[in-house]
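Novice: Shown below is the structure under consideration.
There are 2 protein chains.
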Amino acid sequence: MTDPAGMASDESALIAANAAFYAAFARRDADALDALWAEDVTVACIHPGWSPRIGREAVMESWRAIVANPGSPRIVPEEPVAVVLGAVGLVICYERLGNDTLVATNTFLRQNGAWRMVHHQASPLAEPRPRPVAAQPPQRRPGQVLH
Amino acid sequence: MTDPAGMASDESALIAANAAFYAAFARRDADALDALWAEDVTVACIHPGWSPRIGREAVMESWRAIVANPGSPRIVPEEPVAVVLGAVGLVICYERLGNDTLVATNTFLRQNGAWRMVHHQASPLAEPRPRPVAAQPPQRRPGQVLH
Chain A
1 MTDPAGMASD ESALIAANAA FYAAFARRDA DALDALWAED VTVACIHPGW
51 SPRIGREAVM ESWRAIVANP GSPRIVPEEP VAVVLGAVGL VICYERLGND
101 TLVATNTFLR QNGAWRMVHH QASPLAEPRP RPVAAQPPQR RPGQVLH
Chain B
148 MTDPAGMASD ESALIAANAA FYAAFARRDA DALDALWAED VTVACIHPGW
198 SPRIGREAVM ESWRAIVANP GSPRIVPEEP VAVVLGAVGL VICYERLGND
248 TLVATNTFLR QNGAWRMVHH QASPLAEPRP RPVAAQPPQR RPGQVLH
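Line by line, the protein sequences are chains A and B. With the numbering used here, the residue at position 131 of the first sequence is 131, and numbering never jumps. In the numbering used here, each residue's number is its place in the second sequence (first place is 1) plus 147.
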C-alpha cells in the first residue's frame, strides 16, 4: 500500500459502513440491512450462541427474524477498530446491549466501491471490559484505523 | 474469478491452513502457531469471553499463555467451511472441546503464496448443534469449499 491518504479514507469508509449496519439494526430496517450485505459471494453470520448461518438466504432470514422480534435488544456499537486488508476489511467492536456487552467482528468486501458485509460474528464478553478509552494504550482508541 | 481449478486449490489450501492451526495448537507448539500468523499487518484474536487482542504482540502473548497452560482444553475442529474472497479467506468451523462446542471464524490473508492467519474469533454455541453432517443440506458439508 503506497497511498496512505487513500488507505485512511478506506478505513474511514469501513468504520462508516459498520456504523450504517448498526443504524439499520436500530431502525429495525430489514431492507437496509439486506442492502448492506454483499452480493454474489458466500456470506455468513454467527449470532451469539447460534450455529453459523451460511449463504445469503440463511443470513438474511436470521436478520429479518431478529428485527421483526419486538424483544430484540438495542445494540450500541462502541470502540470500532478497522483493519483494511486490500479489498477486505474487518471491524472489531464492542456491542453494548443494556448491561451486557458482546464483542463482534464485522467483515466487509469492497464491491463497486462500497464496503459490503460478508460476515458477522458476535460473542459474549465474560471478562471485565478493559479500562475506559481514555486510559487505553494508543492502539485501542474508538474509530481508530490500523494498517 | 475465472479460474475455477485455481479457486478450488485456493480453498483446499485454506482448509489445510486451518487444519495446521489446530494441529499446532494440539501439539502446544507456540512457535508453529506464531509462524501461521501473518506478518506486517494488524492481526487480532477474540478468545471465548475475552476482549479483543489486537496486534501481533498481544495476539501471540495470548496464544503462548494458552498453550503453556496445562489446563487448556483439547480442541478438535469440525466441519470447516472455506470462503475465498480474493487474497482473504475465511474458514468457519465448529471447535469441539470435550462436551462443549464453540463456533469459530478463522480469517487468513495470502502472503507470499501461503494463507496466514489475521484473525480468530471463537464463540460458545448455546443452541443445539445442527443435524449430523449426513443430514445437512448441501451447503454444510465438512471441508466444503464455497465461492
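Using N, Cα and C, we set each Cβ at its ideal position, and we do this for glycine too.
(1) When you compare only the Cα positions, how much space is there between Asp247 of chain B and Val228 of chain B?
(2) From Arg221 of chain B to Leu272 of chain B, what distance separates their C-alpha atoms?
(3) Apart from the five residues on each side of it in sequence, which residues of its chain come closer than 6 Å, Cβ to Cβ, to Ser9 of chain A?
(4) Counting only C-beta atoms, is Leu237 of chain B closer than 8 Å to chain A at any point?
(5) Consult DSSP for Gly260 of chain B and reduce its assignment to one of helix, strand or coil.
(6) Roughly how many angstroms lie between the CA atoms of Arg131 of chain A and Gly153 of chain B, to the nearest whole one?
(7) Taking the C-alpha atoms as reference points, what is the distance between Arg96 of chain A and Val265 of chain B?
(8) Given a threshold of 16 other Cβ atoms within 10 Å of its Cβ, counted over all protein chains shown, does Ala68 of chain A qualify as buried or as exposed?
(9) Determine, for Gly196 of chain B, whether the minimum Cβ-Cβ distance to residues of chain A falls below 8 Å.
(10) With three or more beta-carbon pairs closer than 8 Å as the criterion, would you say the segment 39–49 of chain A touches the segment 197–214 of chain B?
(11) Compute the Euclidean distance between the alpha carbons of Thr189 of chain B and Leu14 of chain A, then round it to the nearest angstrom.
(12) Measuring CB atoms only, is the segment 176–184 of chain B touching the segment 100–112 of chain A, in the sense that at least three cross pairs come out at less than 8 Å?
(13) With a cut-off of 8 Å on the beta carbons, I'd call Arg217 of chain B and Tyr169 of chain B a contact; round off their distance for me.
(14) What do you get for Arg56 of chain A, buried or exposed, if any count of 16 or more other CB atoms within 10 angstroms of its CB means buried?
(15) Can you say whether Ser159 of chain B is buried or exposed, counting buried as having 16 or more other CB atoms within 10 angstroms of its CB?
(16) Just to confirm my understanding: we take Ala58 of chain A, look at its own chain, exclude 5 residues before and 5 after, and list those with CB closer than 6 Å. What are they?
(17) Which complete beta strand (DSSP E) runs does the segment 43–109 of chain A hold, if anything under 3 residues is left out?
(18) Name the residues in the segment 253–272 of chain B whose C-beta lies less than 9 Å from a C-beta of chain A; which are they?
(19) Rounded to whole angstroms, what is the Cα-Cα separation between Trp262 of chain B and Arg276 of chain B?
(20) So what's Ala35 of chain A in DSSP terms, helix, strand or just coil?
(21) Judging by CA-CA distance, which residue of B:Ile213, B:Val230 and B:Glu274 is the nearest neighbour of Ala171 of chain B?
(22) Tell me, please, whether the CB atom of Pro277 of chain B is closer than 8 Å to any CB atom in chain A?
(23) Using the rule of at least 16 other Cβ atoms within 10 Å of the residue's Cβ for burial, across every protein chain shown, is Glu79 of chain A buried or exposed?
(24) Taking just the CA atoms, how far does Val231 of chain B sit from Ala163 of chain B?
(25) Hey, would you say Tyr94 of chain A sits closer than 8 Å to Val103 of chain A, going by beta carbons?
(26) Can you check DSSP and say which residues form a bridge with Leu271 of chain B?
(27) Among A:Ala122, A:Ile54 and A:Arg27, which residue has its Cα nearest to the Cα of Ala38 of chain A?
(28) Check whether the Cβ atoms of Ser123 of chain A and Gln268 of chain B lie closer than 8 Å to each other.
Specialist: Reading off the structure:
(1) 20 Å
(2) 17 Å
(3) none
(4) yes
(5) coil
(6) 46 Å
(7) 25 Å
(8) exposed
(9) yes
(10) no
(11) 15 Å
(12) no
(13) Strictly speaking, residue 217 of chain B in this sequence is Pro, with Arg absent from that position. The pair is not a contact, with the Cβ atoms about 18 Å apart (cut-off 8 Å).
(14) buried
(15) exposed
(16) none
(17) 44–46, 76–85 and 88–97
(18) Thr254, Leu256, Val265, His266, Gln268, Ala269, Ser270, Pro271 and Leu272
(19) 29 Å
(20) helix
(21) B:Ile213
(22) yes
(23) buried
(24) 13 Å
(25) yes
(26) With the sequence shown as reference, residue 271 of chain B is identified as Pro, and Leu is not the correct amino acid for it. Beta-bridge pairing links Pro271 of chain B to B:Leu249.
(27) A:Ile54
(28) yes
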